[in-house]
Each structure stands twice: as structure tokens, then as C-alpha cells.
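Number of protein chains: 2
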Amino acid sequence: MAKKAKAKSKKLVIGIDLGGTNVMAALVDTSGKVKSYVHFPTEAQQGPEHVIKNIADNVKALVKKSGLTMKDIWRVGIGSPGPMDSKKGIIIGAVNLPGWKRVTLKADLEKLLGVGVGVDNDANCAAYGEQWAGAAKGASNVVGITLGTGVGGGIIIDGRLVRGANYNAAEIGHTSLNPDGRLCKCGAKGCFEQYASASAIAESAREAIRKGASSMMTELVKGDLSKITSKTVFEAMTQNDKTAIAVWNEFIKYLAAGVGNQINGLNPEVVVIAGGVINAGEKLFTPLREAVRKQTFALTFSAAKIVPAKLGELAGAIGAAGVVINEGEFYNLK
Amino acid sequence: MAKKAKAKSKKLVIGIDLGGTNVMAALVDTSGKVKSYVHFPTEAQQGPEHVIKNIADNVKALVKKSGLTMKDIWRVGIGSPGPMDSKKGIIIGAVNLPGWKRVTLKADLEKLLGVGVGVDNDANCAAYGEQWAGAAKGASNVVGITLGTGVGGGIIIDGRLVRGANYNAAEIGHTSLNPDGRLCKCGAKGCFEQYASASAIAESAREAIRKGASSMMTELVKGDLSKITSKTVFEAMTQNDKTAIAVWNEFIKYLAAGVGNQINGLNPEVVVIAGGVINAGEKLFTPLREAVRKQTFALTFSAAKIVPAKLGELAGAIGAAGVVINEGEFYNLK
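Pasting the structure below:
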């Protein structure tokens, strides 16, 4: 056992986080430590073939720059937007990657890199990264929630990534917090991300101002309401702007309901919150924990730490490395 | 492998479902087949010691009546209300079992029966029963939802029961469908069971009538609104009573949101719905599936069958047998 672990610890993998705008690729060891990394534009508008070739070229350059050859690389993991068949490594489609229809990402990258590749959902990889090597390190039952334009999710149960029947699990942003609520672009009503994404915070502020609420936010964006972001709301809130405070409290209420549902539903040890909003620090986490406490059972709540993500923009790449290291059999990797 | 499986298939276990009013105990083989069973009053008001002794006596009588001795019994599984420490087999408390405070159910039953005992949550056991030997047989990712006085839940991922950090997972009835919604007795707002339990259906009908809605339900219960049950609503609904139809539709809407959240959250292959309400048949399942479809992703929805439970009042006992057969190592069973 010790011998096997030692052999494994010598190995190096590449973890990749493929986004609509940028790609992050990291050289990671089997303990989750990043040795070096590179990020570069996705150039998504040039289509899948170009994007995949570009990723392979950058990975090879990263490996070379690290004084290695591809023969030193054990496996490659890549987190991608979906939906996908992560077993086969095929991307079925992706809103932010034009032209990606049933793209054989695993097979294509394996051909270009000469190394076994595992493909998984980007939000799953980010959550896995935090569980394996970040804010939830050491915990077996973890829910990761990323607040951005939408709300992404990843679930780890008993130390393993939850993928679901056809690899679409953990769409936490599209769990409903009100079946009579706001219509989501997914077609459902009252989705979590309609109330508690970074975009939703900004949109709620715009709505309040359009309806006549006076707020310093109007001046902060020099009258151009389209420039309001969650950061604008946070700034105004810390300066006691009543409209911003009301928007922030509404955001906390819905976020707490969404987080609480995961806690009562899955009884995790850690819920990791990621995204720029976590820069709000205790102005986010203190009221959030208090609101979650009210929405959950005392015993279940007592088991669940609610913490900010630690790995930042590297979470997805580290997690993609982690899943191919620890769950290689799922991807049929040798 | 085949040899081991054959050895296992010869074994017999006892599965028990401990309820506040009745206890069900079944002699079950390792394929999930019930050989014989007995049910008897819990006599909960007489306290834990009596209840446990009563269970042991009835189990021994069942075994004897089946022409066996306790030496023929491999293991005993018992589903109980909670919260509990299912690893240690200790019931921390149970609303419907007066006097149950940190009751060492596993140790006590092992002493009385001379056989290894595993203790788990009753709703978990019911879901496991359906996954192992009932409506979801053969599926690896299953959510079980029981609509009764409250709403109970059980989750199976990759073939294993999800217990959570301190064994309180799958409180699906206490996931919120509206953070501004009805106050639940658990202290949270908008809990699933406040809208989509059998009790909630009846309460919504009473509320509507009290607010002045005319309905044949008033005559069906001869003016005593306290006698309205979900069955009354169903009966009136099938006779085109407008109030009953409105109540039923509202129930379906919330149930669909709750089921949809499990589907988008966990991407199961099967969601099993249990409880007396499933006697409504396609008047429940057809509109439910249609409403869930609108609340979920097309791919995720396509993977998820939504079906009525098959095992009826035996589900919990069969599931309690199943978990000790298949997950004995969790309970430290030999």
C-alpha cells in the first residue's frame, strides 16, 4: 500500500479548465500541488477543431517549459461546459462554445497529446478541486456552489464525484426556490440562479432603481444602470445604501434557501461557495450562515461548514487533475 | 465470485420497520424476497425498553413460526425514525416515540436476539427497499419520496445509500420551495412537506373552504372539515369539483418542483413516489411528469422515470433487510 502510494505520488498530470473565454491548464502532482500553469484565450469563435488544437499546443508548451516531455505526464483531465457524456468524453453541446455538437473531446485530445484523457463537467471539477485540495480538503461529503453569471454546482458523496444517470447531476443553479417565481432561461420557474447568482444581484438592483428606489449605485455607475455589478451592490451596501442593503438581504435569503436545501438534502460536511462574490467575506458569510441555520435542522446544520473557496481560478484545473488521478477507472484510463 | 454469491443467496435476514404506531418485521432472503412477515402495535407509550423487548419477542416468534431458529438468521436490519447515529445504532430522538433519547437500539436488539443488527433511518430504508427489490430495481441512482403526514426521502447514489456527514441526509421534505413560504414545524420556511404532503393537500382544501370556496367536499365529510383527507380531495377532484381541482393542481405544482429539484440536483434514473396518494394513479403521475418536465433539463428529465412505489407497507422492512445485506460493513456486521 505504502509502496503503491509512493509510486503514485511521483506521477504528474495536466488539469485543464475549458471556459468560453479562457482556458487554464495546470501541471499538478498527485497530492494536488500545482507545479506550473498557463492560461490563454479559448478563441471559441474559431470552432472546436481550433480550440482543441490550441489547448494541445499550450499543454505541450507548458510541459516543455517545465523541463518535461509528454512521456512524463500520466494523465490529462479536462473540465468543460456541457451537457456531455463524460464516460465517453463527448461534449453534446455548450452554450458558450459555438459549434460544439457531439465533439469527441477525449479522443481528439488523446490523439494530439498521446496521453489518456478524462473529460468532466467544469462545475463538477471546480467542486472536486476544492474537496481534494482546497477549502474542503479532508471532507468526504461536499457541495460546491459557484456564484457567477449563473450558479454552478458540484457534489461529492463519500469521497466520489456524483455524476448521475447521464452525467448531468449537480445542476444546483437550476433547482427551484419558487415554482411561481422568475422564469429562467432554462424554461423552469424560480431557479436558484435567478435569485442568487452574481448577475441576479445586479439585476435586482437595476430593477429596484428602475422602479424608483433612490440609491448611490446610480452615481457609482454614472447613471448607466447596465454597468451595475454585484460589486457595485456590495460597495453601496457597505456604505449603508438602503436599496443596496435590501437587494443584498434578498440575495442572502435565497442563497441561504439554496444552500439549506443542499444541507438538508445531502447532509454534507462542507459547502464551498466560490465566485467573485466571496470577496465580500464575512459580510456574506456571517448573515448567510445565520439564515441557513434557520432553514435547516440543528444537527444537520452543526455538521456543515459553509466556507469560501480557496483555489480561485485554478479550482477547475486542479479538480480536473484530481478526478483523473482518483477516479481514472471511470474514464477507462490505464 | 459465483460461489460467494451462491453462499450469500442461502442466507436469511430479518428486516424491521419501526413506526410510531405499528412495527413491521419480515423474513427476507438475499434476493429481496419476503418469506413471511408479521406486524404488530408499537405500544410506543410504554417506552423504549418495552418497545424493543416487544420487537425482539415478535421477531423470535416469526422465526419460530417459519420453522427456523435465530441461528438461521444472518443479520437483522431495522429502520427507525430519527435523528440517529446509524453507525453506532443509537436513536438520538424520535417525535413519535416518547422517551427515546439516545436509545442504544442496535446493542439492545443484538443482546436480545443474539444476531448482528444494523439501524438506519426509516425513510432511507423505504427508498432502499424500492431500489433493491421494488419499483427502481436495477437502477443505481434513485430518489425515494414518501408523501404522508410529512414528506420522507431517501437517496441512493451509485447503488449506495446516501447517509451524510452525521446520518441525516435525504430530508427532502424539508427542502424549501419558497423562502417566504409557509412556516414549517421544523422552523424553516416553505418546506416541501408544507405543500405536497398528504396532510398539506387536506389542509389546503380546508383553508379554501374556510375562505368561502364552495365544494362538494363539505358534504363528503358531513360538514366536519377536520375529516377532510387527501382522499376526499381526490374523490371530489375526479367528480370535477372546482375547489378540489384547484387544490390538486397546486399540490402537483409543488410536488413537481420538489421532484424536479431532485432530478436537476442528482440526475437519478428513477424517482419513486410512495404513500397513499399514489392510489390516484395516472391522475397523479401524468400531470406530475408533465409539470416536472417543465422544471428540469430535457436530458436530465429523459433519464428519470417517475414511478409509483411497488412494495407498499413492506418497503421499509425490505429495505432494512437490504442495507444490512449489501452494506453490512457500514454497520460493522460480520
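Here the protein sequences line up with chains A and B, keeping their order. The first sequence begins at 1 in the working numbering and counts up one residue at a time. The second sequence begins at 1001 in the working numbering and counts up one residue at a time. C-beta: ideal position from N, C-alpha, C; glycine also.
Contacts around B:S1199, its chain only, beta-carbon distance under 7 Å, and the 5 residues preceding and following it disregarded: Here the question's residue 1199 of chain B lines up with position 199 in the second sequence. Only T1149 meet the Cβ criterion.
In whole angstroms, what is the alpha-carbon distance linking A:K6 and A:V34? The residue you call residue 6 of chain A lines up with position 6 of the first sequence. The residue you call residue 34 of chain A lines up with position 34 of the first sequence. Since pLDDT at A:K6 reaches only 45, below the 50 mark, its modelled position is unreliable, and the value read off the structure follows with that caveat. When rounded, the distance between both Cα atoms is 18 Å.
Alpha carbon to alpha carbon, what distance is there between A:V324 and A:H50? The residue labelled residue 50 of chain A in the question sits at position 50 within the first sequence. The residue labelled residue 324 of chain A in the question sits at position 324 within the first sequence. Their backbone Cα atoms lie some 24 Å apart in a straight line.
Through-space distance from B:N1168 to B:L1147, alpha-carbon basis: Your numbering for residue 1147 of chain B matches position 147 in the second sequence. Your numbering for residue 1168 of chain B matches position 168 in the second sequence. Each residue's alpha carbon lies about 18 Å from the other.
At the 7 Å Cβ level, is A:P179 part of the contact set with chain B, yes or no? For the purposes of this step, residue 179 of chain A is taken as residue 179 along the first sequence, with counting starting at 1. Closer than 7 Å to some Cβ of chain B, the Cβ of A:P179 qualifies, so yes.
Counting contacts by CB-CB distance shorter than 7 Å, is A:S230 in contact with chain B? Reading the first sequence from its first residue, position 230 is the one you call residue 230 of chain A. Chain B contact via Cβ: absent.
Excluding five sequence neighbours on each side, which residues of the same chain lie with their C-beta closer than 6 Å to the C-beta of A:A135? Working through the first sequence from its first residue, we reach residue 135 of chain A at position 135. So the list reads V272, V307, A309, K310, once near-sequence residues are dropped.
Inter-stretch contact (C-beta, 8 Å, three-pair minimum) for the stretch 1246-1265 of chain B and the stretch 1221-1228 of chain B: no
Candidates B:K1253, B:G1015, B:L1220: closest to B:D1335 by CA position: The first residue shown for chain B is 1001 and the last is 1334, placing residue 1335 of chain B beyond what the model contains.
Residue ranges of each alpha helix (DSSP H) within the stretch 192-242 of chain A, 4 or longer: 193-196, 198-210, 217-220, 230-238
Within 7 Å of chain B by C-beta, residues of the stretch 259-271 of chain A in sequence order: G260, N261, N264, G265, L266, N267, P268, E269
7 Å is my cut-off, CB to CB: does A:Q46 come that close to chain B? Reading the first sequence from its first residue, position 46 is the one you call residue 46 of chain A. It does not: the Cβ of A:Q46 has no partner Cβ on chain B nearer than 7 Å.
Helix, strand or coil, according to DSSP, for A:D85 in the structure here? Walking along the first sequence from the start, residue 85 of chain A turns up at place 85. In the structure shown, A:D85 sits in a strand (DSSP, three-state: E or B).
What residue ranges within the stretch 242-330 of chain A form continuous alpha helix (DSSP H) runs of no fewer than 4 residues, ordered along the chain? 242-266, 282-295, 298-303, 315-326
C-alpha gap between A:E269 and A:E130, whole angstroms: Indexing the first sequence from 1 puts residue 269 of chain A at position 269. Indexing the first sequence from 1 puts residue 130 of chain A at position 130. If I take the Cα positions, the gap works out to 13 Å.
Under 9 Å from the C-beta of A:F297: neighbouring residues of chain B: Here residue 297 of chain A refers to the residue found at position 297 of the first sequence. Ordered by position in chain B, the residues that pass the 9 Å Cβ test against A:F297 are P1083, N1168, E1171, H1174, C1186, G1187, A1188.
Please name the residue, chosen from A:L109, A:I52, A:Q45, A:G114, that lies closest to A:D72 on a Cα-to-Cα basis. Numbered from 1 along the first sequence, position 72 holds the residue referred to as residue 72 of chain A. Checking every option, the nearest Cα to that of A:D72 belongs to A:G114.
Quick one: Cα of A:E313 to Cα of A:I55, how far? Residue numbering aside, residue 313 of chain A sits at position 313 when the first sequence is read from its first letter. Residue numbering aside, residue 55 of chain A sits at position 55 when the first sequence is read from its first letter. If I take the Cα positions, the gap works out to 17 Å.
Whole angstroms is fine: what's the gap from A:G153's alpha carbon to A:W248's? Walking along the first sequence from the start, residue 153 of chain A turns up at place 153. Walking along the first sequence from the start, residue 248 of chain A turns up at place 248. Approximately 21 Å, taken between the alpha carbons.
A:V59 - DSSP class collapsed to helix/strand/coil: Taking the first sequence and counting its residues from 1, the one referred to as residue 59 of chain A is at position 59. Of the three classes helix, strand and coil, the one that applies to A:V59 here is helix, per DSSP.
Are B:L1177 and B:G1187 touching if we call contact CB-CB under 7 Å? Taking the first residue of the second sequence as position 1, residue 1177 of chain B is located at position 177. Taking the first residue of the second sequence as position 1, residue 1187 of chain B is located at position 187. No, these two residues do not count as a Cβ contact at 7 Å.
Can you tell which of A:K64, A:G276, A:G116 has the C-alpha that lies nearest to the C-alpha of A:K334? As a first step, residue 334 of chain A must be located in the first sequence, where it is residue number 334. Of the candidates A:K64, A:G276, A:G116, the one whose C-alpha sits nearest the C-alpha of A:K334 is A:G116.
Below 6 Å CB to CB, which residues in the same chain sit around A:Y331 once its five sequence neighbours on both sides are set aside? Within the first sequence, residue 331 of chain A is the residue found at index 331, counting from 1. Closer than 6 Å at Cβ, skipping near neighbours: G118.
Beta strand (DSSP E) segments (min. 3 residues) lying fully within the stretch 88-139 of chain A: 116-121
If you run the structure through DSSP and keep just helix, strand and coil, what is B:K1065? Taking the first residue of the second sequence as position 1, residue 1065 of chain B is located at position 65. Three-state DSSP puts B:K1065 in a helix.
Taking 8 Å as the cut-off, does the stretch 1275-1291 of chain B touch the stretch 1230-1238 of chain B (at least 3 CB pairs, one atom from each stretch)? yes
For a test of the three-state rule: what should DSSP assign to A:G15, helix, strand or coil? Within the first sequence, residue 15 of chain A is the residue found at index 15, counting from 1. Here A:G15 sits in strand by DSSP.
Quick check: is the beta carbon of B:A1257 nearer than 7 Å to any beta carbon in chain A? Looking up residue 1257 of chain B in the second sequence gives position 257. Yes, because at least one Cβ of chain A sits closer than 7 Å to the Cβ of B:A1257.
Which partner residues of A:A25 appear in the DSSP bridge assignment? Reading the first sequence from its first residue, position 25 is the one you call residue 25 of chain A. Beta-bridge pairing links A:A25 to A:I16, A:V38.
Minimum C-alpha distance to B:I1209 - residue among B:A1244, B:L1068, B:S1230: For the purposes of this step, residue 1209 of chain B is identified with residue 209 of the second sequence, where counting begins at 1. Considering only alpha carbons, the answer is B:A1244.
Give the residues from the stretch 142-166 of chain A that approach chain E closer than 9 Å (Cβ to any Cβ), ordered along the chain. No chain E is present in this structure, whose protein chains are A and B.
On a CA-only basis, which of B:S1036, B:S1031, B:G1032, B:G1328 is nearest B:M1024? Give me that one, please. Counting from one through the second sequence, the residue named residue 1024 of chain B turns up at place 24. Out of B:S1036, B:S1031, B:G1032, B:G1328, B:S1036 has the C-alpha closest to the C-alpha of B:M1024.
Out of B:N1096, B:L1183, B:N1121, B:M1084, which one is the CA nearest neighbour of B:T1104? Residue mapping note: residue 1104 of chain B aligns to position 104 of the second sequence, counting from 1. Checked all of B:N1096, B:L1183, B:N1121, B:M1084; the closest Cα to B:T1104 is B:M1084.
Cα-Cα separation between B:L1288 and B:K1305, rounded to whole angstroms: Position 288 of the second sequence, counted from the start, is the residue given in the question as residue 1288 of chain B. Position 305 of the second sequence, counted from the start, is the residue given in the question as residue 1305 of chain B. So the two alpha carbons sit approximately 11 Å from each other.
Of all the residues that make up the stretch 1199-1231 of chain B, which are near chain A by a beta-carbon distance shorter than 7 Å? none
B:A1317 classed as buried or exposed, judged by whether at least 16 other C-beta atoms fall within 10 angstroms: Walking along the second sequence from the start, residue 1317 of chain B turns up at place 317. Per the 10 Å Cβ criterion, buried.
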